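Residue 62 in my numbering is what sits at position 61 of the sequence shown, and the numbering runs on without skipping anything.
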Amino acid sequence: MKKVMLKTTLSLAVAMASSHVFASGFALNEQDVAGMGTGFAGRSSTAENASTVYGNPAGMARLEGQQITGGVAVIDATTNIKDAGGRSSGSNKGDMVPFTGVPFGFYTNKLNDQWAIGFGVYAPFGLKTDYESGFQGRGFGSKSEVSVITFQPTVSYAFNDKVSIGFGPTINRIDGTLESQPNLAGLGFAGDNKVKVKGDDTALGFNAGILVQATDTTRVGLTYHSKVKYKLEGHTEVTKAATVPSFVLANNRYDASLKVDTPESWDLSVTQELNDAWKLYAGATWTRWSRLKDITINNEGVTAASGGIAAPSLVSTITEPQNWHDTWAYALGTSYQLTKQVVLRTGLSFDQSPTNNTDRSPRIPTGDRTIFSVGLGYAVMDNMTVDVAYSYLKEEPVKVNKSNALGSYSSKYENSANGFGLGVTYKF
2 MKKVMLKTTL SLAVAMASSH VFASGFALNE QDVAGMGTGF AGRSSTAENA
52 STVYGNPAGM ARLEGQQITG GVAVIDATTN IKDAGGRSSG SNKGDMVPFT
102 GVPFGFYTNK LNDQWAIGFG VYAPFGLKTD YESGFQGRGF GSKSEVSVIT
152 FQPTVSYAFN DKVSIGFGPT INRIDGTLES QPNLAGLGFA GDNKVKVKGD
202 DTALGFNAGI LVQATDTTRV GLTYHSKVKY KLEGHTEVTK AATVPSFVLA
252 NNRYDASLKV DTPESWDLSV TQELNDAWKL YAGATWTRWS RLKDITINNE
302 GVTAASGGIA APSLVSTITE PQNWHDTWAY ALGTSYQLTK QVVLRTGLSF
352 DQSPTNNTDR SPRIPTGDRT IFSVGLGYAV MDNMTVDVAY SYLKEEPVKV
402 NKSNALGSYS SKYENSANGF GLGVTYKF
């Protein structure tokens, strides 16, 4: 197998990246609407409902009986592209992220005073980007659609009423499609060609946590989400423009593979009860994004004889640098028990971007972000609670400046997003 990389595209892993998710890089935070209301502050120390399977599996020991938590968060993103330029012509409408929904579901069962079990289904990574037809930077990425779905069986054990631990293996399924439209005008041939990469894989990881009731009013939690090693298998499909002769570039399909690791993270948080009505939450999350240094796709059988004389230049032994760095996210939130049935929540989060000014591309035009959140929980019945939340994300403006032998593209991105969440917890 010949080791190659699509020069005019990025990988499926980078296709997942977007500035319009509510966690750094291409991670998703939307696994709990109650936590969304406080900006996910206190996520590993709260254990308010069955979503603690993800937030901190040790928290299952604190939940009584059986619980089911499910819901969906939707993301409405906006991108303004300014000061665009490059060797290719085209439009820069932005708004490349469609209205996107992120569902989740969790179940817990406290077996006795020490043991509890549970499971969850959720999306820890992934999103969709789809630029308009004729986007000026289409040679560096026109469309991406990637999803990671995780199933997590979980167990927790309480040593006493102060300390509990939890562990859950994760079964992770990644599936993605990536498209770009390189132009061979520099070689004397007009028209956009299409390069489409598809791949999927299933891999294992784990989540683990510890929860400590430090005082009667203070709870501390620490959660670890492991890295997951994928080897995506699929194909690369090349479709040439009608104006390009077949001896220059031919329609063809190649077997493809890609190795990528999603990063590990540590989440430390504190929940402090101030009085019967007020609670204060604080948290910090570290994510090892530095694992993503570069991306290489392996395609089989790419030769001038099979793909035309331009194929080796489009699909050759090239490494696309990413050079992401590790990130910190910080969150502070509070909740107020307005009545026996109603709790109000709010939170503020600051999240670093893992990208850098040199390697940032149209697929990952992301900067440091600030997120403001509000939420409400309503106990419809003694055993059922409905949670709603809203978050507003604003990023610092960032610049993209990419070039290769076939073209160049530079622009300034200004990104923002609105997030809406609806969740239900049922106890029995």
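A virtual CB, placed ideally from N, CA and C, is assigned to each residue, including glycine. Bear in mind that the values here come from a model prediction, so they are computed numbers and not experimental data.
Secondary structure at residue i, three-state DSSP: helix, strand or coil?
i    : result
A14  : Residue confidence is low: A14 scores 38 on pLDDT, short of 50, so the model does not pin down where it sits. Its coordinate-derived value is still stated next. If DSSP states are grouped into helix, strand and coil, A14 belongs with the helices.
M97  : coil
W290 : helix
S52  : coil
P355 : coil
P58  : helix
V249 : coil
S181 : strand
A418 : strand
G308 : helix
R1   : There is no way to answer for residue 1, as the model of the chain reaches only from 2 to 429.
S362 : coil
F136 : strand
G235 : strand
S19  : Residue confidence is low: S19 scores 43 on pLDDT, short of 50, so the model does not pin down where it sits. No coordinate-derived value is stated.
T240 : strand
G187 : helix
S449 : Outside the shown range of the chain, which is 2 to 429, sits residue 449, and nothing can be said about it.
T318 : Note that T318 has pLDDT 46, beneath the 50 cutoff, so the model's placement of it is unreliable and the number below is only indicative. The answer is coil: DSSP assigns T318 none of H, G, I, E or B.
F141 : helix
A406 : coil
S165 : strand
S148 : strand
S266 : strand
A36  : Sequence inspection shows Gly at residue 36; the Ala mentioned does not correspond to that position. Reduced to three states, the DSSP call for G36 is helix.
T297 : coil
Assuming residue i and residue j make a contact with CB atoms under 8 Å, what is their CB distance in whole Å?
i    : j    : result
N357 : Y427 : Between Y427 and N357 the Cβ distance is about 45 Å, and since that is not below 8 Å, they are no contact.
S374 : S392 : 4 Å
T39  : G424 : Their Cβ separation, rounded to whole angstroms, is 13 Å, which puts T39 and G424 out of contact at 8 Å.
W290 : T328 : 6 Å
T130 : K111 : Wrong, their Cβ atoms sit about 42 Å apart, outside the cutoff.
G497 : V54  : What is shown of the chain runs 2 to 429, which leaves residue 497 out entirely.
F105 : G60  : Not confirmed; about 16 Å, so no contact.
Per DSSP, what are the beta-bridge partners of residue i in this structure?
i    : result
V389 : L377, L423
G86  : S411
T219 : Q273
F120 : Y108, P154
V303 : DSSP output for V303 lists no bridge partner at all.
D201 : D176, E234
E396 : R370
A78  : A418
F126 : A28, V149
L281 : Q273, T335
State yes or no: is the C-beta of residue i within less than 8 Å of the C-beta of residue j?
i    : j    : result
V103 : E31  : yes
T288 : A28  : yes
D360 : N405 : no
L269 : A243 : no
N253 : S307 : yes
A62  : V34  : no
G91  : F141 : no
I166 : G420 : no
S46  : N184 : no
V401 : S362 : yes
V389 : G376 : yes
Y225 : A278 : no
N194 : T240 : yes
What's the C-alpha gap between residue i and residue j?
i    : j    : result
S417 : S411 : 20 Å
Q342 : S354 : 38 Å
F168 : L281 : 26 Å
T318 : T171 : With a pLDDT of 46 at T318, under the threshold of 50, the modelled position of that residue is not reliable, and the figure given next carries that caveat. For T318 and T171, the distance between alpha carbons rounds to 34 Å.
A380 : K230 : 41 Å
G422 : F100 : 13 Å
N208 : R220 : 20 Å
A330 : R44  : 12 Å
V303 : L259 : 16 Å
M382 : F429 : 12 Å
G66  : Y132 : 48 Å
E234 : S181 : 19 Å
G200 : T178 : 7 Å
E415 : T80  : 6 Å
I82  : F160 : 54 Å
L64  : L345 : 21 Å
T263 : T340 : 42 Å
D202 : V149 : 10 Å
A78  : E146 : 16 Å
A257 : G309 : 18 Å
K413 : I365 : 12 Å
N173 : A204 : 5 Å
G192 : L293 : 33 Å
Would the C-beta of residue i count as close to the ligand MG, meaning under 7 Å from any of its heavy atoms?
i    : result
L269 : Although the ligand MG was asked about, the structure shown includes no ligands whatsoever.
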